[in-house]
Amino acid sequence: MPISFYEARQRILDHVPLLDMEKVPLLDAAGRALGQDIVADQALPIFNNSAMDGYAVRTEDCTLGSSLPVVGQLIAGGKPHDTIQPATAVRIMTGAALPQGADSVIPFENCREEDSAITITQTVKKGDHIRWAGEDVRPGDKLISAGTLLRPSEISILASLRHATLNVRRRARVAILATGDELQDINELYFEGGIINSNSWALSAAVKELGAIPVILGIARDNLSDLRTKIREGLQADALITSAGVSAGDRDLVREVLREFDTQELFWKINIKPGHPTAFGLCQNKPVFSLPGNPVSTLLTFEEFVRPALLQMMGHRTVLRPLLKATLTESLKKKPGRLQIMRVALSFDQQGELQVASAGDQNTGIVRTSLHAQGIALLAEERDFFVAGEKIDVHLLGPSTALGY
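Residue numbers for the sequence shown follow my numbering, beginning at 1 and rising by one.
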C-alpha cells in the first residue's frame with residue numbers, strides 16, 4: 001500500500017543515523033554542520049578602538065570653536081597610548097586602541113588642524129566613532145548552535161575567536177548505483193538500444209552540492225550476481241542510493257537482492273507522481289534509497305527525500321527547504337489521487353511579488369524542462385485543478401536560482 005509524501009519523508013528522517021564528529025581545520029569546516037555549541041571566551045572587540053581616522057578626545061573638552069593641542073599619534077596595531085590628558089587630542093587611525101579616558105573620536109573631516117592643534121567645528125557626542133570592547137560579543141555569549149551550517153559569516157567570527165580547528169559532523173560517503181542492462185557509460189561506444197547512464201552523474205552532482213561525498217559504483221546489470229556484488233560494495237559507504245530496478249517488472253531485482261542482505265524495508269511506493277515506486281530501508285543501520293530509473297523521477301525523489309536525510313545525517317538542524325507562497329500566473333491541471341511534484345519557473349511581478357508557472361512539459365521523459373525550473377511545487381493529491389491567481393506553496397531548487405541574482 002503506497003504511503004503519502006509526508007509520511008514517507010518523516011519515516012526516512014525518523015530512521016537515518018547521525019554521523020560521527022571529527023575535528024577539522026577552520027577552513028575545512030566551511031559548508032559543514034557545526035558539531036558543538038560555540039560560547040565566546042573573550043570579548044569582541046577585545047579593546048576599545050577607533051572606527052574612523054581622526055582624533056581621540058574627551059567629550060567634555062569639545063565645545064564648538066575650542067582648540068585642542070595634538071599630543072601624539074596612535075596607529076592600528078601600535079602600542080596603546082597613556083591616559084589622555086585633559087584638553088588635548090591624540091591623532092588616531094581606524095582600529096587603533098583608544099587612549100584611556102578618551103570617550104569620542106572626531107573624524108578628520110569634522111575638524112580643522114593647524115599648528116599641531118585642532119579646532120572643533122561640529123558638535124561632538126560621547127561615544128562617537130568608537131567600537132567599545134564587548135559591544136559585539138561578550139564572554140559567555142552563546143554565538144552558534146550545534147547543527148548550524150557554517151557560512152563565511154560564521155567562519156569570520158570563529159576566526160576572530162581564534163578557533164583554528166572545529167568539531168563538525170563527518171561528511172556522508174554516499175554510494176551511487178545505476179542498474180539496468182540498457183545502460184552504458186558516457187565513454188563507451190554507443191550500442192543500439194543503449195541508454196546513457198546519466199543518473200550516476202546527476203546524483204553525484206546532487207550529493208556533492210549538499211556537501212557529501214559521492215562514491216560511484218558504476219552499473220549493475222539486471223542479474224542477481226551483479227547486483228549482489230555491487231550492493232555489497234555500496235553497503236561499505238554511509239548510505240546507498242540505487243536507481244531503477246524497484247518497480248514490478250520481471251527484471252526489477254533490486255528489492256529482492258536487498259532482502260538477501262537483511263534490509264529492513266520501511267516502505268515501497270509513495271502516493272506521488274513522478275516517483276511512485278520509490279523504496280527506503282535500513283541495512284546494517286545504513287540508509288538505502290531505491291529510486292526510480294527515469295532521470296527526472298530520480299532527481300525529484302532525491303530532492304524531496306534523500307537530500308533532507310543526508311543533511312540530517314551530517315548534523316544539519318535545517319534539512320527542509322523553506323516553503324514560499326507564490327501566485328500562479330496560469331491555471332494548472334493534474335489527475336487527482338497522487339501528490340504531484342511539479343517543476344516550476346519562478347519570477348517576480350512589478351510589485352516584487354513571487355509568481356509561479358509550470359516550467360514546461362511535465363512528462364518525465366522531458367528532461368529539458370528541468371533546465372527551466374527554479375523551484376518545485378507540491379500539488380495536493382486530492383485536487384485536480386489550480387486556478388490562475390491563487391497562491392500555492394513552492395520551494396527553491398539548488399544553492400542559488402535563476403531569479404535574476
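For each residue, glycine too, the CB sits at the ideal point set by N, CA and C.
Here the structure is a predicted model, which is why all the values come from computation and not from measurement.
In the DSSP assignment, the alpha helix (DSSP H) including residue i goes from what residue to what residue?
i, result
"Thr83", "Here Thr83 belongs to no alpha helix (DSSP H), and DSSP marks it neither H nor E."
"Val207", "199 to 209"
"Met342", "Element bounds for Met342: not the alpha helix (DSSP H) but the beta strand (DSSP E), 339 to 348."
Report the rounded CA-to-CA distance for residue i versus residue j, giving the unit in angstroms.
i, j, result
"Gly72", "Ala206", "59 Å"
"Asp136", "Arg58", "23 Å"
"Ile196", "Leu291", "17 Å"
"Val105", "Gly95", "12 Å"
"Pro295", "Val306", "15 Å"
"Ile84", "Pro99", "6 Å"
"Leu282", "Val288", "6 Å"
"Ile219", "Val16", "25 Å"
"Gln409", "Val356", "Since the first residue of the chain shown is 1 and the last is 405, residue 409 is not available in this structure."
"Ser50", "Trp132", "9 Å"
"Thr401", "Gln312", "Note that Thr401 has pLDDT 47, beneath the 50 cutoff, so the model's placement of it is unreliable and the number below is only indicative. Their Cα atoms are separated by approximately 23 Å."
"Glu304", "Gly134", "43 Å"
"Phe261", "Phe302", "23 Å"
"Gly398", "Phe267", "27 Å"
"Gln42", "Gly101", "22 Å"
"Ser153", "Thr318", "17 Å"
"Ala345", "Leu13", "28 Å"
"Ser225", "Arg173", "24 Å"
"Leu19", "Gln284", "14 Å"
"Gly77", "Glu390", "59 Å"
"Ala212", "Val367", "24 Å"
"Leu396", "Gly352", "17 Å"
"Asp185", "Ile231", "19 Å"
From which residue to which residue does the beta strand (DSSP E) around residue i run?
i, result
"His395", "391 to 396"
"Thr165", "165 to 169"
"Thr119", "117 to 120"
"Glu113", "111 to 114"
"Gly218", "213 to 220"
"Leu282", "279 to 283"
"Arg173", "173 to 179"
"Glu265", "264 to 268"
"Pro69", "67 to 74"
"Val356", "354 to 358"
Between residue i and residue j, is the Cβ-Cβ spacing less than 7 Å?
i, j, result
"Asp103", "Lys126", "yes"
"Glu381", "Leu339", "yes"
"Leu34", "Ala146", "yes"
"Ala279", "Glu330", "no"
"Phe386", "Leu300", "no"
"Ala309", "Leu354", "no"
"Ile46", "Ile144", "no"
"Asp432", "Arg221", "The displayed coordinates of the chain run from 1 to 405. Any statement about residue 432 would go beyond what the structure contains."
"Ala244", "Thr179", "yes"
"Thr229", "Ser297", "no"
"Leu379", "Lys335", "no"
"Val257", "Leu227", "yes"
By Cβ distance below 7 Å, which residues in the same chain neighbour residue i in space, the five residues on each side in sequence not counted?
i, result
"Thr88", "Leu68, Pro69, Val71"
"Arg343", "Ala359, Gln362, Thr369, Ser370, Ala373, Ile376"
"Val168", "Met21, Glu22, Val24, Ala29, Arg32, Ala33, Leu34, Gly35"
"Ser160", "Leu44"
"Leu210", "Arg307, Leu310, Leu311"
"Gly252", "Residue identity check: residue 252 is Asp in the sequence provided, not Gly. Closer than 7 Å at Cβ, skipping near neighbours: Gly245, Val246."
Can you give me the Cβ contacts of residue i inside the same chain, cut-off strictly under 8 Å, excluding the 5 residues immediately before and after it?
i, result
"Arg259", "Glu265"
"Ser204", "Ile176, Pro214, Ile216"
"Asn271", "Pro2, Ile3, Ser4, Phe5, Gly337, Arg338, Leu339, Glu381"
"Pro107", "Met52, Asp53, Gly54, His129"
"Lys406", "Residue numbering for the chain in the displayed model covers 1 to 405; residue 406 lies beyond these limits and cannot be assessed."
"Arg383", "Lys334, Pro336"
"Gly193", "Glu182"
Roughly how far, in whole angstroms, is the beta-carbon of residue i from the beta-carbon of residue j, given that I think they are within contact range, below 8 Å?
i, j, result
"Ile376", "Ile341", "6 Å"
"Tyr55", "Ile118", "6 Å"
"Met314", "Arg171", "6 Å"
"Val394", "Leu323", "7 Å"
"Thr263", "Val254", "That pair is no contact at about 10 Å."
"Ile75", "Met93", "5 Å"
"Leu26", "Leu158", "6 Å"
"Gly293", "Asn199", "7 Å"
"Leu166", "His316", "Not confirmed; about 15 Å, so no contact."
"Arg138", "Ala40", "7 Å"
"Asp61", "Pro86", "6 Å"
Among the residues of its own chain, which have a CB less than 6 Å from the CB of residue i, if the five just before and after it don't count?
i, result
"Pro80", "Ala97"
"Ala175", "Val215, Leu217, Gly234, Ala237, Leu240"
"Asn110", "Gln122"
"Ala202", "Leu299"
"Ser162", "Per the sequence shown, residue 162 should be read as Arg rather than Ser. Here the set comprises nothing."
"Ser66", "Ile120"
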